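Report on one structure; see the data block that follows.
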Amino acid sequence: MTTLSDDPRLNLARGALGAVRIVHDPTLPPRVLRLVDAEGREFFAKQHSERDRYIRELHAYLAWGTHLIGHVPRVAGRQDTTCTLLLTAVPGVRADTVAPGSPEEEQAHYEAGRVLGKLHHATSVPRTGAVGTELAQRLRDWITRADRAALISTVERDRLSHKADVLANTLMDSAVCHLDYQPRNWLLGEVFGLCDFEHMRRDARIRDFARLEFRRWQAAPNLRTAFFAGYGRPLNDTEQRLLESFGAIEAVTALVRGHEQDDLALSAHGRTVLARLT
Numbered sequence: 144m145t146t147l148s149d150d151p152r153l154n155l156a157r158g159a160l161g162a163v164r165i166v167h168d169p170t171l172p173p174r175v176l177r178l179v180d181a182e183g184r185e186f187f188a189k190q191h192s193e194r195d196r197y198i199r200e201l202h203a204y205l206a207w208g209t210h211l212i213g214h215v216p217r218v219a220g221r222q223d224t225t226c227t228l229l230l231t232a233v234p235g236v237r238a239d240t241v242a243p244g245s246p247e248e249e250q251a252h253y254e255a256g257r258v259l260g261k262l263h264h265a266t267s268v269p270r271t272g273a274v275g276t277e278l279a280q281r282l283r284d285w286i287t288r289a290d291r292a293a294l295i296s297t298v299e300r301d302r303l304s305h306k307a308d309v310l311a312n313t314l315m316d317s318a319v320c321h322l323d324y325q326p327r328n329w330l331l332g333e334v335f336g337l338c339d340f341e342h343m344r345r346d347a348r349i350r351d352f353a354r355l356e357f358r359r360w361q362a363a364p365n366l367r368t369a370f371f372a373g374y375g376r377p378l379n380d381t382e383q384r385l386l387e388s389f390g391a392i393e394a395v396t397a398l399v400r401g402h403e404q405d406d407l408a409l410s411a412h413g414r415t416v417l418a419r420l421t
C-alpha cells in the first residue's frame with residue numbers, strides 16, 4: 144500500500160516545488176492529487192497505472208499543448224519510472240457544475256467550440272482513408288468483445304458491423320483530437336480551460352464531437368448551435384452522417400465498459416445510442 148511518505152506524486156511535487164499541501168477534492172479520481180505550494184499556486188499530480196496512457200498524455204501536453212497556450216495546463220514536472228505528471232492548474236470551475244439551461248452553459252459550449260477549433264485547425268489533414276480503416280478495425284474489436292459477453296443480438300451485431308464497413312470505406316479529415324471532449328473536462332474562469340489529455344491522439348476530426356452529440360446535444364440542440372458558432376462553422380450533411388456512424392463506437396464501447404465496470408448508467412446509455420442507429 145502506498146503511503147503519503149512514499150507517494151510518487153508527492154515526492155515529484157516536493158522535488159519540483161518544495162513544500163506543498165494537499166487540497167481535498169472529492170471530484171477528482173483517486174490517482175490525482177490537488178496541491179498548493181508555499182506561494183499559493185495550485186498544481187495537480189497524476190499517476191498513471193498504464194504506461195501507454197502516461198506516454199500519450201505527456202506527449203499531448205508537450206507536442207500539442209503549444210496550440211492551446213493559456214487554455215491548458217503546463218507540465219511542471221515528470222517522473223517516467225513511476226508514470227507520474229505534475230501539472231499546473233488552469234483556474235476555473237468544472238463546466239458540468241453549471242446549471243443546465245442557463246446562459247452560462249450555452250456560453251461554455253460556445254467557448255468549447257472556439258478552443259477545439261484552434262486545435263483542429265492547427266493539426267487538420269484533409270480527407271484520408273487511413274483513419275477510417277483504423278476506426279473500422281477498432282469498432283470490430285469492440286463488437287467482438289460485446290458479442291462474446293452476449294451484450295448484443297445477432298441483428299445488432301450485423302448493424303454494428305455494417306457501420307464498421309461504412310467507416311472502412313469513408314475518406315475523412317483527421318486532426319489531433321481530445322476524444323473525451325465534454326463538460327467535465329472544461330474549466331470556466333477568466334479563460335476557457337481544458338484538461339485530461341490521456342486519450343488525445345490523431346483521429347477522425349468529426350469524432351471529437353461524438354461525446355457531446357450522443358451525451359449532451361440530443362436533449363439540448365441549442366448547445367450544439369452555440370458550440371459550432373464558436374467552432375466557426377456547422378457540420379454539413381456529409382459530416383453529420385459521419386458523426387452518426389461514430390454512434391456505433393459510442394454505443395458498443397459504453398455497453399462493454401458498462402458491463403465490465405457494473406455501471407448501469409453507462410450500459411443504459413450504450414443501449415439508447417444503439418437503438419438510435421439505423
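First residue of the sequence shown: 144, per this note's numbering; consecutive thereafter. C-beta: ideal position from N, C-alpha, C; glycine also. It should be emphasised that the depicted structure is a prediction, and the values quoted were computed from it without experimental measurement.
Residue i: buried (16+ other C-beta within 10 angstroms of its C-beta) or exposed?
{"i": "S428", "result": "In the structure as shown, the chain starts at 144 and stops at 421, and residue 428 therefore has no counterpart that could be examined."}
{"i": "R350", "result": "buried"}
{"i": "T227", "result": "buried"}
{"i": "L229", "result": "buried"}
{"i": "R174", "result": "exposed"}
{"i": "V258", "result": "buried"}
{"i": "L398", "result": "buried"}
{"i": "L155", "result": "buried"}
{"i": "V163", "result": "buried"}
{"i": "V395", "result": "buried"}
{"i": "R419", "result": "exposed"}
{"i": "R384", "result": "exposed"}
{"i": "G273", "result": "The residue you asked about is not Gly; residue 273 is Ala in the sequence shown. Exposed, because fewer than 16 other Cβ atoms sit within 10 Å of the Cβ of A273."}
{"i": "Q190", "result": "buried"}
{"i": "R376", "result": "exposed"}
{"i": "G244", "result": "exposed"}
{"i": "L153", "result": "buried"}
{"i": "D149", "result": "exposed"}
{"i": "L211", "result": "buried"}
{"i": "A203", "result": "buried"}
Grab me the residues of residue i's own chain with a C-beta within less than 6 Å of its C-beta, minus the 5 sequence neighbours each way, in chain order.
{"i": "P326", "result": "A238 and D239"}
{"i": "W360", "result": "L366 and R367"}
{"i": "E200", "result": "F340 and E341"}
{"i": "K306", "result": "S388 and A391"}
{"i": "P236", "result": "A small correction: the amino acid at residue 236 is Val; Pro does not occupy that position in the sequence shown. L331."}
{"i": "Y197", "result": "H191 and C226"}
To which residues of the same chain is residue i closer than 7 Å at the C-beta, ignoring the five residues directly before and after it?
{"i": "R270", "result": "L314, M315 and D316"}
{"i": "L386", "result": "I349, F352, A353, E356 and L378"}
{"i": "R194", "result": "C226"}
{"i": "V219", "result": "At residue 219 the sequence reads Ala, which differs from the Val that was named. Taken in chain order, the residues that qualify are A159, F186, L229, L230 and T231."}
{"i": "L409", "result": "A397, R400 and G401"}
{"i": "E393", "result": "A353, F357 and V416"}
With residue i and residue j assumed to form a contact (beta carbons below 8 Å), what rounded beta-carbon distance in angstroms separates them?
{"i": "S127", "j": "R348", "result": "With the chain running from 144 to 421 in the structure shown, residue 127 is simply not present."}
{"i": "A181", "j": "G161", "result": "6 Å"}
{"i": "P216", "j": "C338", "result": "6 Å"}
{"i": "A369", "j": "E249", "result": "5 Å"}
{"i": "L330", "j": "V233", "result": "5 Å"}
Closer than 8 Å by C-beta to residue i: which residues in its own chain qualify, once you throw out the five before and the five after it? Chain order, please.
{"i": "S304", "result": "R283 and I286"}
{"i": "L407", "result": "G401"}
{"i": "G213", "result": "V334"}
{"i": "R221", "result": "L155, L201, T227, L228 and L229"}
{"i": "T146", "result": "Because T146 sits at a pLDDT of 49, beneath the cut-off of 50, its placement in the model cannot be relied upon, and the point is left open."}
{"i": "I295", "result": "I286, A289, L303, V395, L398 and L417"}
{"i": "A372", "result": "Y253 and G256"}
{"i": "R300", "result": "I286, A289 and D290"}
Spell out a yes or no on whether the region 296-313 and the region 263-279 are touching, meaning 3 or more CB-CB pairs, one atom from each, closer than 8 Å.
yes
Meets three-Cβ-pair contact criterion under 8 Å: the region 318-333 and the region 282-302:
no
Given 8 Å, three or more beta-carbon pairs between the region 354-363 and the region 262-273
Fewer than three Cβ pairs drawn from the region 354-363 and the region 262-273 lie within less than 8 Å of each other, which leaves the two stretches out of contact.
Three or more C-beta pairs below 8 Å linking the region 209-228 and the region 162-170:
no
What are the start and end residues of each continuous beta strand (DSSP E) run of 3 or more residues lying completely inside the region 161-236, in chain order?
163-166, 175-180, 185-190, 218-222 and 227-231
Which complete beta strand (DSSP E) runs does the region 262-300 hold, if anything under 3 residues is left out?
268-271
Could I get the ranges of all uninterrupted beta strand (DSSP E) runs contained in the region 327-382, with 3 residues as the minimum, in chain order?
329-331, 335-337 and 344-347
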